[in-house]
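Residue numbers (my numbering): 13 to 253.
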């Protein structure tokens, strides 16, 4: 895919950018001219990026990491909250509470920690673009993924709420809600689960992470000027609303 969005002169912070969908988003933002800083629990090996090991489920870690960057003179025009944890696919009654807590801590609480740390600075800098990565599970609920569905649903409605709050202050907050993407995280569920996902997709395939990355880049660009608190489906027709 060769489409490019003009993000020259912009600086982005991407959480969960070391692998999978996050890595594709980082690559697309770089290709569009942005400078990119990555937070993840593992370092990203990609040219032209700076990376820091940060566990976003720890609010104190998030605040300290951002404070160090700001004190060093860094400012951010773009924030992409992509870090996530799927957890096991299993019936709700078999869900271990530790998995549930970790899923909520990373996907929902982690997103909130990063937002709360970033927003005072972004407001002081005069505005910005924020994209929260939700999922189709958060819109519809998926059997076997109750905790992930609940956490993603929280991200979806959080986006709607703060999108309305912040648009008048020149911060545009939107959400991308992908269906199953062709990433290591999805493939790790096993061939049977992947085949079931493909069979349920009208498009007959998994999504390409690059496709979602293009949508994220557009939402971060000046071409998207009237979207706030919106949730963008990317599921190959599988999502029902």
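We put the CB at the ideal spot given by N, CA and C, even for glycine.
From the listed residues 181, 168, 196, the smallest Cα separation to residue 245 is found for 168. Taken through DSSP and simplified to helix, strand or coil, residue 142 comes out as strand. Below 8 Å, enough C-beta pairs join the region 133–151 and the region 89–100 to call them touching: three or more.
Check the Cα spacing between residue 116 and each of 138, 106, 228, 68: the tightest is with 68. Distance from residue 96 to residue 159 at the Cβ level is roughly 12 Å; contact not present, criterion being Cβ atoms closer than 8 Å.
For residue 243 and residue 177, the gap between their C-alpha atoms comes out near 16 Å. By the Cβ test, the region 48–56 is not in contact with the region 203–215, since fewer than three Cβ pairs between them sit closer than 8 Å. At the C-beta level, residue 25 and residue 88 come within 8 Å of one another. In the displayed model, residue 212 falls within coil according to three-state DSSP, outside both helix and strand. A distance of 8 Å or more separates the beta carbons of residue 195 and residue 241. For residue 164 and residue 183, the gap between their C-alpha atoms comes out near 22 Å.
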